[in-house]
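Input: a single structure, listed below in structure tokens.
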Amino acid sequence: MDRLLTLEMFVAVAGEGGFAAAARKLGSSPPAVTRGIAALEARLGTSLFHRSTRAVALTDAGASFLGEARRILADLAGAEREVRGAQADPRGQLYLTAPATFGRLHVLPVVRALLEQHRDLGVRMMLIDRNVRIVEEGIDVAVRIGPLADSSLKAVRIGAVRQMLAASPAYLARRGAPARLAELAGHDLIGTMGPRAVNEWQFTSGRWRLEPRPRLVLNTVDAALAAAEAGLGIANLLSYQLADALAAGRLISLLPGEQPPALPVHLLFEPSRAALPAVRLFVAAMKARARMAGLV
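Have a look at this one:
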């Protein structure tokens, strides 16, 4: 059986979670997909899936091979686009991921413009506050905030954001504004769950442990922002998350001299995808968006 076809079958089974679903996606039949996977496993000399009557799951070897299989198919698709002269006209699916609030505020407007301008383009976007495995999950471009780990991925810096403390005018009228970092210990603090630890905040002078822990801990940025606007305490959020509330006067920035160094904002993608029309247009549009939004 054709090697590339068996790779497509393997990626489809892994992505769809079953042989029947993969067959529907490929316009094939379950027996054909089963034969294709068996041929691929025989060629590789290892099992790629654990099979049961209810589910199909990748083996360790299958999970390791999946990223390479997706890379091979992506490289082939890119080469075919170039040969067909499709470089100027984006089409097909663009897979994106970004932090939830950043994606809503800054990526969705770019996506909306691209979809309006290019009728043959589709976008699938995962807004989530964790780092998605780009190769393994088939992502074309990921937005990352903060220092980057060394990798073979291409990184394009589009701007930076800052950590800021903020509280509502009503809260500050009731409790007063802290003049020094040490005075935070006497205030109601709003913490968040997720990548940024709730038990310590970083400032120019170093990390400051929240002892006792924040009185209110929330699992989303939007909820923490709403709580701060409602006067429930002092929140520690990023500048792009606070921008609208600060501009409207619903929140007031505190201790600006204690803001730590800015966090870079990058777009990450595989080098092989840099020339794809949709990726090139998205990167250029995000650069323009970051300049317009004042992401310093």
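Taking UniProt numbering, the leading residue of the sequence shown gets 1, the next gets one more, and so forth.
Here a beta-carbon is modelled for each residue, glycine too, at the ideal position from N, C-alpha and C.
Note that the structure is predicted; figures quoted are calculated from it, not measured.
Worksheet item: When the Cα of Val295 is compared with those of Pro99, Gly67 and Ala262, which residue comes out closest?
Response: The question names Val, yet the displayed sequence has Leu at residue 295. For Leu295, the nearest C-alpha among the options comes from Ala262.
Discussion item. Our contact map puts Ile190 next to Ala245 with C-beta atoms below 8 Å; I'd like the distance itself, whole angstroms only.
Written reply: The beta carbons of Ile190 and Ala245 sit about 13 Å from each other, so the pair does not count as a contact at 8 Å.
Worksheet item: Which class does Gln241 belong to by DSSP, given the choice of helix, strand or coil?
Response: In the three-state DSSP reduction, Gln241 falls in the helix class (H, G or I).
Worksheet item: With burial defined as no fewer than 16 other Cβ atoms inside 10 Å of the residue's Cβ, what is the status of Asp140: buried or exposed?
Response: Buried: at least 16 other Cβ atoms inside 10 Å.
Worksheet item: Going by beta carbon distance, what residues of the same chain come within less than 7 Å of Gly138, once the five residues before and after it are set aside?
Response: Excluding residues within five positions, the ones whose Cβ falls inside 7 Å are Arg70 and Tyr95.
Item to complete: Reducing DSSP to helix, strand and coil, say where Ala20 ends up.
Response: Three-state DSSP puts Ala20 in a helix.
Practice prompt. Would you check if the distance between the CB atom of Pro147 and the CB atom of Leu254 is smaller than 8 Å?
Written response: Contact: no.
Practice prompt. Pull up the distance between the alpha-carbon of Val111 and that of Met292, whole angstroms please.
Written response: In this structure, the straight-line span from the alpha carbon of Val111 to that of Met292 is close to 16 Å.
Fill in: Run of the alpha helix (DSSP H) containing His286, from where it starts to where it stops
Per the sequence presented here, residue 286 reads as Met, with His not at that position. Note, Met286: alpha helix (DSSP H), Pro277 to Ala293.
Practice prompt. Quickly, what does DSSP pair Phe269 with across the bridge? List them, please.
Written response: In DSSP, Phe269 forms a bridge with Lys154.
Worksheet entry | Gly36: first and last residue of the uninterrupted beta strand (DSSP E) it sits in | It is not in any beta strand (DSSP E) - Gly36 instead sits in the alpha helix (DSSP H) that spans Pro30 to Leu44.
Worksheet item: What's the C-alpha gap between Ala39 and Met9?
Response: Between the C-alpha atoms of Ala39 and Met9 there is a straight-line separation of about 11 Å.
Worksheet item: Helix or strand or just coil, what does DSSP make of Gln259?
Response: Per DSSP, reduced to three states, the secondary structure at Gln259 is coil, with no helix or strand assignment.
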